[in-house]
Amino acid sequence: MTSPLIMRLRHHGKLSDEAADALLGCRARNRLVEPGQSLMQQGQPVKSLFWIESGWAMRHRSLACGRRQILNLLLPGDTGDLQGLVDTRADHSVTAMTQLMVSEVDAPRFLELIEGNAEISSALLWSVVQEEGILREHIVRIGRRSARIRLAHLLLELVRRQALGGGPSDGRLETNLTRDVLADCLGLTPVHISRTLSELRRAGLVRIEERGRLRVIDIGELARHADYDTRYLHLQRPAHILDQRGRGAA
Numbered sequence: 002m003t004s005p006l007i008m009r010l011r012h013h014g015k016l017s018d019e020a021a022d023a024l025l026g027c028r029a030r031n032r033l034v035e036p037g038q039s040l041m042q043q044g045q046p047v048k049s050l051f052w053i054e055s056g057w058a059m060r061h062r063s064l065a066c067g068r069r070q071i072l073n074l075l076l077p078g079d080t081g082d083l084q085g086l087v088d089t090r091a092d093h094s095v096t097a098m099t100q101l102m103v104s105e106v107d108a109p110r111f112l113e114l115i116e117g118n119a120e121i122s123s124a125l126l127w128s129v130v131q132e133e134g135i136l137r138e139h140i141v142r143i144g145r146r147s148a149r150i151r152l153a154h155l156l157l158e159l160v161r162r163q164a165l166g167g168g169p170s171d172g173r174l175e176t177n178l179t180r181d182v183l184a185d186c187l188g189l190t191p192v193h194i195s196r197t198l199s200e201l202r203r204a205g206l207v208r209i210e211e212r213g214r215l216r217v218i219d220i221g222e223l224a225r226h227a228d229y230d231t232r233y234l235h236l237q238r239p240a241h242i243l244d245q246r247g248r249g250a251a
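For the sequence shown, position 30 (counting from the first letter as 1) is numbered 31 according to our numbering, and the numbering increases by one without interruption.
Structure follows, in structure tokens:
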């Protein structure tokens with residue numbers, strides 16, 4: 002079975018089997034993480050690099066008053082953070098939302114690969130660019146979009162991102178997103194989230210299925226409704242960049 006990380010990185014461009022095997026060879030161990038368990042704590046030393054094999058996690062910041070802002074949700078194929086390569090203390094936390102299987106990485110070996118393998122370094126650079134695009138869209142989402150469009154954008158993004166790692170592409174989200182999680186993602190209250198979800202349900206755009214999981218009924222219609230554009234996910238790479246790299250290597 003192909004690792005979700007490799008499936009995700011291959012959306013960036015060609016990643017040979019040899020390069021994929023080398024990247025997966027950086028795994029020091031696989032670890033099971035229970036819901037609510039922290040993988041990284043704000044202000045604490047970064048103990049390991051990791052990527053997610055299965056399950057969902059949240060990247061979040063905590064304020065002195067105890068309030069929380071969720072910065073991003075991490076899905077299968079996502080890397081926890083590369084901050085540990087450049088800093089010793091985390092500026093945010095990562096917490097498991099569901100049971101996770103994570104692959105912890107041998108950092109020195111990982112660095113050697115980045116420095117010595119152009120395919121891997123290019124693929125990981127795309128991963129960082131995509132993460133930055135997601136964060137930029139998140140700023141626009143919570144700063145300038147209405148509650149209804151915020152929620153629609155987030156659901157469409159998660160549907161697309163989970164498919165990158167081999168998850169469902171039919172609009173069904175694999176994880177039950179609680180009202181509290183959605184509220185802390187979008188800068189709204191749980192009551193506002195419930196009201197907004199009801200609006201989308203009445204419009205026939207989403208429904209709540211077994212175990213409270215959300216499903217986008219018509220991805221295309223919701224995207225039109227929300228004026229959603231996936232370009233910030235950087236799923237297309239200009240061919241001329243590949244050509245230039247190939248000529249340079251020659």
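Ideal placement from N, C-alpha and C gives every residue a C-beta, glycine not left out. As the structure is a computational prediction, the values presented were derived from the model and not from experiment.
Under 7 Å from any heavy atom of the ligand FAD, does the C-beta of N73 make it?
Absence of the ligand FAD from the depicted structure is noted, as is the absence of any ligand whatsoever, leaving it without description.
State yes or no: is the C-beta of V160 within less than 8 Å of the C-beta of L174?
In the sequence shown, residue 160 corresponds to position 159, counting from 1. In the sequence shown, residue 174 corresponds to position 173, counting from 1. Closer than 8 Å, so yes.
Excluding the 5 residues preceding and the 5 following R216 in the sequence, name in chain order all residues of the same chain whose CB lies nearer than 6 Å to its CB.
To locate residue 216, count along the sequence shown from 1; it is residue 215. Shown here for R216: same chain residues with a beta carbon closer than 6 Å to its own, the five before and five after excluded, namely G172, R173, R208 and E210 in chain order.
Please list the terminal residues of the continuous alpha helix (DSSP H) segment that includes Q42.
Numbered from its first residue, the sequence shown carries residue 42 at position 41. Premise fails: Q42 is in no alpha helix (DSSP H) and is neither H nor E.
Can you find at least 3 beta carbon pairs, one from the region 215-234 and one from the region 140-157, that sit closer than 8 Å?
With the cut-off at 8 Å, the region 215-234 and the region 140-157 touch.
When burial is assigned at 16 or more other CB atoms within 10 Å of the CB, is Q237 buried or exposed?
Start at 1 with the first residue of the sequence shown, and residue 237 comes out as number 236. Per the 10 Å Cβ criterion, exposed.
Assign P36 to one of two classes, buried (16 or more other C-beta atoms within 10 Å of its C-beta) or exposed (fewer than that).
Reading the sequence shown from its first residue, position 35 is the one you call residue 36. By the neighbour-count rule (16 or more Cβ atoms within 10 Å), P36 is not buried but exposed.
Along the chain, where does the alpha helix (DSSP H) containing T80 start, and where does it finish?
In the sequence shown, residue 80 corresponds to position 79, counting from 1. T80 -> no alpha helix (DSSP H), and no H or E assigned at all.
What's the call for E113, buried or exposed, on a 16-neighbour Cβ count within 10 Å?
Translated into positions along the sequence shown, residue 113 becomes position 112. By the 16-neighbour rule on beta-carbons within 10 angstroms, E113 is exposed.
Looking at the unbroken alpha helix (DSSP H) that takes in M8, where does it start and where does it end?
Taking the first residue of the sequence shown as position 1, residue 8 is located at position 7. That run of the alpha helix (DSSP H) goes P5 to L10.
Is the separation between the beta-carbon of H61 and that of T96 shorter than 8 Å?
Taking the sequence shown and counting its residues from 1, one reaches residue 61 at position 60. Taking the sequence shown and counting its residues from 1, one reaches residue 96 at position 95. It is a contact, given that the beta carbons lie within the stated cut-off.
Same chain, Cβ closer than 6 Å to H235, five either side skipped, listed in chain order
Position 234 of the sequence shown, counted from the first residue, corresponds to residue 235. Same-chain partners within the cutoff: V130, Q131 and G134.
Give the single residue among L10, L157, N73 and L72 whose Cα lies nearest to the Cα of S170.
In the sequence shown, the residue the question calls residue 170 occupies position 169. The shortest Cα separation from S170 among L10, L157, N73 and L72 belongs to L157.
Using a threshold of 8 Å, state whether the C-beta atoms of E120 and A20 are closer than that.
By one-based count along the sequence shown, residue 120 stands at place 119. By one-based count along the sequence shown, residue 20 stands at place 19. Yes, these two residues count as a Cβ contact at 8 Å.
Could you check where the alpha helix (DSSP H) with A29 kicks off and where it finishes?
As a first step, residue 29 must be located in the sequence shown, where it is residue number 28. Per DSSP, A29 belongs to no alpha helix (DSSP H); it is in the beta strand (DSSP E), R28 to V34.
Other residues of its chain near T80: CB distance less than 6 Å, five sequence neighbours each side excluded
Numbered from its first residue, the sequence shown carries residue 80 at position 79. Around T80: W52.
Please classify T176 as buried or exposed, where buried requires at least 16 neighbouring CB atoms within 10 angstroms.
For the purposes of this step, residue 176 is taken as the residue at position 175 of the sequence shown. With 16 or more other Cβ atoms inside 10 Å of its own Cβ, T176 counts as buried.
So what's A97 in DSSP terms, helix, strand or just coil?
For this step, residue 97 is matched to residue 96 along the sequence shown. In this structure, A97 counts as strand in the three-state DSSP scheme.
From this set, T99, M59, L64 and C66, which residue's C-alpha is nearest D82's C-alpha?
The residue given as residue 82 occupies position 81 in the sequence shown. The option with the nearest alpha carbon to D82 is M59.
My guess is that M102 and G167 are in contact by the Cβ rule of under 8 Å, so how many angstroms apart are they, rounded?
Locating residue 102 in the sequence shown gives position 101, counting from the first residue. Locating residue 167 in the sequence shown gives position 166, counting from the first residue. Their Cβ separation, rounded to whole angstroms, is 14 Å, which puts M102 and G167 out of contact at 8 Å.
DSSP three-state assignment for Q131, whether helix, strand or coil:
Taking the first residue of the sequence shown as position 1, residue 131 is located at position 130. Judged by DSSP in its simplified three-state form, Q131 adopts helix.
Local conformation of I209 per DSSP, three classes
Here residue 209 is taken as the residue at index 208 of the sequence shown, counted from 1. Collapsing the DSSP output to three states places I209 in a strand.
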